[in-house]
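A.B. asks: Okay, here's the structure, questions in a sec.
Numbering (this note's numbering), first residue to last: 6 to 388.
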């Protein structure tokens, strides 16, 4: 059993359902403190946040990860218990969090251990920032830690986020930014009544339907493509449409449309809301309310020392020239990049994340560890 596999197993065995950490972070403190890492706990509410650093000079490179996982779903649908990690016949480790992202956290830790053992007097600062509030509401994790550290002028120069970015092949994709994410809930109010008496009712679904057709056909933009990289076009997807009592002869009193926006740097939250409100105003909805939740604004880190070191490490270890894009969902990098930190993302393959029988190829664990170790070496010794 290799060091990365052994640590991944130990982390999966701790059922850290968001926002619980279940002792994962303390396990890493126990491993890294004897090597000279300084541990700082940054708790907010029920969430466990941890910063481990080695050295205190510039330049600084931190890894960013999370120890919480999503619920496993029906455990009897798994081929083995989700928190009893098992290697299957295909050479994959099966368990909740294997690829999102306890495998990557283990690879970070082992890579840092190797580097510090070989270079105990390395220049700069090497760090690991962890939270147990990434998979859930993400209110008491990096969202609060980042401004706290910024107020102390303690943020790193560069940060590698270990979210599962890879697709068909290990190391085939590097995220250089992320789209913004907004959830909008539009509730249209009507008058409930008997379907046989349309003159006595005001059906909110009928009022909402033309707007829904407009939204489905609307082109928000054509995307972004410039020297710093590309963003796909802004997307507005219907996530839910809820109305009715369940009875077939009663019209609803309200109809609620939930929209999920993934948007690029052509917009910010305010301008996108204004555009949506203009579309709403062009339709006869009657009485309605709009709720708006911003998960994160879009970000894109300009090319810097971290990106150069990472691309070099991936090519050195894997022979890949990874695609650099901004696809996928949000990540905690959205809280650091606006504060001036260079943020780049590389992790395991994402084919089974959040699924029954989430799993990771054992070779991927070892190769990601090697990439992270090469990244650290190249970052602190670019020559």
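Ideal placement from N, C-alpha and C gives every residue a C-beta, glycine not left out. Remember, predicted model here, so these are calculated numbers, not experimental data.
Taking all protein chains shown into account, decide if residue 11 is buried (16 or more other Cβ within 10 angstroms of its Cβ) or exposed.
C.D. replies: So residue 11 ends up on the exposed side.
A.B. asks: Roughly how many angstroms lie between the CA atoms of residue 224 and residue 163, to the nearest whole one?
C.D. replies: If I take the Cα positions, the gap works out to 35 Å.
A.B. asks: Check whether the stretch 105–116 and the stretch 365–384 are in contact - that is, three or more C-beta pairs closer than 8 Å.
C.D. replies: Because the criterion of three Cβ pairs below 8 Å is met, the stretch 105–116 and the stretch 365–384 touch.
A.B. asks: Whose C-alpha, out of 69, 103, 122 and 332, is nearest the C-alpha of residue 36?
C.D. replies: Checking every option, the nearest Cα to that of residue 36 belongs to 122.
A.B. asks: Could you give the first and the last residue of the continuous beta strand (DSSP E) run that contains residue 130?
C.D. replies: Per DSSP, residue 130 belongs to the beta strand (DSSP E) from 130–136.
A.B. asks: Inspect the CB distances between the stretch 76–88 and the stretch 332–348 and report whether three or more fall short of 8 Å.
C.D. replies: Cβ pair count under 8 Å is below three, so no.
A.B. asks: Are the CB atoms of residue 404 and residue 140 nearer to each other than 8 Å?
C.D. replies: There is no way to answer for residue 404, as the model of the chain reaches only from 6 to 388.
A.B. asks: Just the C-alpha distance for residue 175 and residue 307, rounded to the nearest angstrom, thanks.
C.D. replies: If I take the Cα positions, the gap works out to 24 Å.
A.B. asks: Give me whichever residues DSSP pairs with residue 297 in a beta bridge.
C.D. replies: In DSSP, residue 297 forms a bridge with 189.
A.B. asks: Counting Cβ pairs, one atom from each stretch, are 3 or more of them under 8 Å apart for the stretch 131–150 and the stretch 279–290?
C.D. replies: These segments do not touch.
A.B. asks: How would you write the range of the alpha helix (DSSP H) that residue 368 sits in, first residue to last?
C.D. replies: It spans 367–385 - the alpha helix (DSSP H) in which residue 368 sits, taken as one unbroken run.
A.B. asks: Would a C-beta distance cut-off of 8 Å place residue 180 and residue 349 closer than the cut-off?
C.D. replies: Contact: yes.
A.B. asks: If you draw a straight line from the alpha carbon of residue 55 to that of residue 120, how long is it in whole angstroms?
C.D. replies: The straight-line gap from Cα to Cα measures roughly 20 Å.
A.B. asks: Quick one, which of 60, 311 and 110 has its alpha-carbon nearest residue 371's?
C.D. replies: Nearest of 60, 311 and 110 to residue 371, Cα basis: 110.
A.B. asks: How many angstroms separate the CA atom of residue 131 from the CA atom of residue 66?
C.D. replies: Near 5 Å, if we compare the C-alpha coordinates of residue 66 and residue 131.
A.B. asks: Can you have a look at residue 168 and say buried or exposed, based on whether 16 or more other CB atoms are within 10 angstroms of its CB?
C.D. replies: Buried, since its Cβ has 16 or more Cβ neighbours within 10 Å.
A.B. asks: Take the Cβ of residue 151 as the centre, count every other Cβ of all protein chains shown within 10 Å, and call the residue buried at 16 or more, exposed below.
C.D. replies: Residue 151 comes out buried.
A.B. asks: Between the alpha carbons of residue 365 and residue 263, how many angstroms are there, rounded?
C.D. replies: So the alpha carbons of these two residues sit roughly 34 Å apart.
A.B. asks: For the alpha helix (DSSP H) containing residue 110, list its first residue and its last residue.
C.D. replies: Element bounds for residue 110: 108–123.
A.B. asks: Where does the unbroken beta strand (DSSP E) through residue 347 begin, and where does it stop?
C.D. replies: 347–350 is the extent of the beta strand (DSSP E) around residue 347.
A.B. asks: Do residue 235 and residue 93 have their C-beta atoms within less than 8 Å of each other?
C.D. replies: Their beta carbons are not under 8 Å apart, which means residue 235 does not touch residue 93 by this criterion.
A.B. asks: From which residue to which residue does the beta strand (DSSP E) around residue 261 run?
C.D. replies: It spans 259–268 - the beta strand (DSSP E) in which residue 261 sits, taken as one unbroken run.
A.B. asks: Return yes when the Cβ of residue 269 is within less than 8 Å of the Cβ of residue 228, no when it is not.
C.D. replies: Yes.
A.B. asks: At 4 residues or longer, what runs of the alpha helix (DSSP H) sit wholly inside the stretch 270–345?
C.D. replies: Segments of the alpha helix (DSSP H) lying fully in the stretch 270–345: 274–286 and 310–323.
A.B. asks: Looking only at DSSP bridge pairs, what is residue 242 linked to?
C.D. replies: For residue 242, which the question treats as bridged, DSSP gives the partners 265.
A.B. asks: Under 6 Å Cβ to Cβ from residue 27, same chain only, skipping five residues before and after it: list those, please.
C.D. replies: For residue 27, where only same-chain residues beyond five positions count, the Cβ hits under 6 Å are 19, 20 and 21.
A.B. asks: Using 10 angstroms around the beta-carbon of residue 30, count the other beta-carbons present and answer buried if the total reaches 16, otherwise exposed.
C.D. replies: Under this definition residue 30 is a buried residue.
A.B. asks: Let me check understanding here. Comparing Cα to Cα, which of 158, 135, 303 and 251 lies closest to residue 184?
C.D. replies: The shortest C-alpha separation from residue 184 is found at 303.
A.B. asks: Spatial neighbours of residue 103 within its chain, please: C-beta separation below 6 Å, excluding the five flanking residues on both sides.
C.D. replies: If we look at residue 103 and ignore the five residues flanking it on each side, its Cβ neighbours are 363, 364 and 365.
A.B. asks: Please classify residue 257 as buried or exposed, where buried requires at least 16 neighbouring CB atoms within 10 angstroms.
C.D. replies: Looking at its Cβ environment, which holds 16 or more other Cβ atoms inside 10 Å, residue 257 is buried.
A.B. asks: Report the partner residues of residue 52 according to the DSSP bridge assignment.
C.D. replies: BP columns for residue 52 point to 49.
A.B. asks: Is residue 52 buried or exposed, if buried means 16 or more other CB atoms sit within 10 Å of its CB?
C.D. replies: Buried.
A.B. asks: For residue 155 and residue 96, what's the separation of their Cα atoms in angstroms?
C.D. replies: Computed Cα separation, rounded: 43 Å.
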